[in-house]
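First to last, the protein sequences are chains X and H.
Number 112 marks the last residue of the first sequence (our numbering); no jumps.
Number 292 marks the last residue of the second sequence (our numbering); no jumps.
Backbone N, C-alpha and C define an ideal beta-carbon position, used for all residues, glycine too.
Remarks on the structure that follows.
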Amino acid sequence: MTIYLMCFILFLVGFYGVITKRDLVKIILSLAIMGYSTNLFLIIFAYRTGAHYPILEKGTSVTAMVDPLPQALVLTSIVIELGITALLVALAVRLYGKYKTFDITKIRRLLG
Amino acid sequence: MPVETWLTFVLGIMIIGSVVALELKDILSAIIAIGIVGLGVSVAFLFLQAPDLAIVQFLFEIFAIIILIKAFIKKDYHVETPSRINLYLSGITVIILVVIFIFSIPIFKSLPVFGEPLMTTSQYYLDNGAAETGAANLVSSIILDYRAYDTLGEVTVLFTAILGALTVLRIKSRTKMEKR
């Protein structure tokens, strides 16, 4: 319960950054924070007390393993996040080359 | 110490790191503070018995820091001038977020308790994964066999994102063309 709430606080910190910051770099960092907290929440949700990692070895039994399904899906999600960060950084660099600023209140013209 | 204590500790460090990253004026310090958060996620994955995810998260974090520093470090960085209206808006936003947090506590109470997951579909994968796919690592058996189309979609999304980034970086802007 406490851990869920702390994870949600981390998400809200990222959300606060997305809403209030006027700097493109800070907005990209806030989106990264939101992604981290979501991934971490899914993995926290999959933990079973006293269980071990889902890899079969000698002397291990399937009855004492953590949930492998969220781990597989989050593995996908982490890799996609890297691609999205790269795309956002590329867009921000292009905007900087055009406007010479990262301030989103000064990026107003919609010319190509 | 139990896992909960360690996780609370790591999550506290991550929250402090994210607040510091958002409030610092210097861009290099902000990016390095984001590194605290990402590596904290990696450590938390280790505590939660997910070694594959910890390795992938570590690599992701290093790549992300390299990309961010390489892209942003040579730009002359403007300093935000906090106006009074902006301060008011930040205060109102914090209050609204606190209200959202308070009202969302019952939702988290209705979730299963930490340490007791649902294990409905996953129990089938755990029981039959080794016999049906022949993989000792059950996470990779799910990624590459049961949910292989998910992985195909992931590769497509990653390819599209990288293609978009390369396209955006390669084209010459109209102002530069006119200057020539």
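Contact belief for residue i with residue j at Cβ below 8 Å, rounded distance in angstroms
i	j	result
Ala142 of chain H	Leu29 of chain X	6 Å
Met1 of chain X	Phe159 of chain H	Contact flag wrong, Cβ pair sits at about 17 Å.
Gln169 of chain H	Ile27 of chain X	22 Å between Cβ atoms; not a contact.
Ile298 of chain H	Leu75 of chain X	Given a span of 113 to 292 for chain H in the structure shown, any question on residue 298 of chain H remains unanswerable.
Gly14 of chain X	Ser202 of chain H	Gly14 of chain X to Ser202 of chain H, Cβ: 15 Å. No contact.
Cβ shell of residue i (< 6 Å), same chain only, five flanking positions each side left out
i	result
Ile217 of chain H	none
Ile146 of chain H	Ala133
Asp67 of chain X	Ala46
Sequence-distant residues of the same chain with beta carbon closer than 7 Å to residue i, five excluded per side
i	result
Cys7 of chain X	Ser37, Leu40, Phe41, Ile44
Ile177 of chain H	Ile143, Gly147
Trp118 of chain H	Phe159
Thr272 of chain H	none
Ser70 of chain X	A quick correction: the sequence has Pro, not Ser, at residue 70 of chain X. Excluding sequence neighbours, Pro70 of chain X sits near Leu42, Ile43, Phe45, Ala46.
Proximity of residue i and residue j at Cβ, strictly below 7 Å
i	j	result
Ala46 of chain X	Pro224 of chain H	no
Met34 of chain X	Ala51 of chain X	no
Gln161 of chain H	Tyr53 of chain X	yes
Val269 of chain H	Ile80 of chain X	yes
Leu12 of chain X	Leu180 of chain H	no
Phe157 of chain H	Leu151 of chain H	no
Ile107 of chain X	Tyr96 of chain X	no
Ser234 of chain H	Thr245 of chain H	no
Thr20 of chain X	Thr205 of chain H	yes
Contacts around residue i, its chain only, beta-carbon distance under 8 Å, and the 5 residues preceding and following it disregarded
i	result
Ile185 of chain H	Ile139, Leu140
Val18 of chain X	Ile27, Ser30, Leu31, Met34
Ala248 of chain H	Ala242
Thr263 of chain H	Ile255, Leu256
### Query
Pairing CB atoms from the stretch 118-126 of chain H with CB atoms from the stretch 57-68 of chain X, are three or more of them under 8 Å?
Judged by Cβ distances under 8 Å, the stretch 118-126 of chain H makes no contact with the stretch 57-68 of chain X, as fewer than three pairs qualify.
### Task
Only counting runs of 4 or more residues, tell me where the alpha helix (DSSP H) segments fall wholly within the stretch 202-272 of chain H, in order along the chain.
Note on the stretch 202-272 of chain H: whole alpha helix (DSSP H) runs with a minimum of 4 residues are 217-222, 233-245, 250-253, in chain order.
### Query
Just checking, does the stretch 84-102 of chain X make contact with the stretch 269-282 of chain H on the three C-beta pairs under 8 Å criterion?
Result yes; three or more Cβ-Cβ pairs closer than 8 Å.
### Residues, ordered as in the chain, of the stretch 249-273 of chain H that lie near chain B by beta-carbon distance below 7 Å
Of the chains in the structure shown, none is chain B; the protein chains are X and H.
### Query
Which ranges would you report for the alpha helix (DSSP H) in the stretch 32-110 of chain X if only whole runs of at least 4 residues count?
DSSP runs (the alpha helix (DSSP H)) wholly in the stretch 32-110 of chain X: 68-99.
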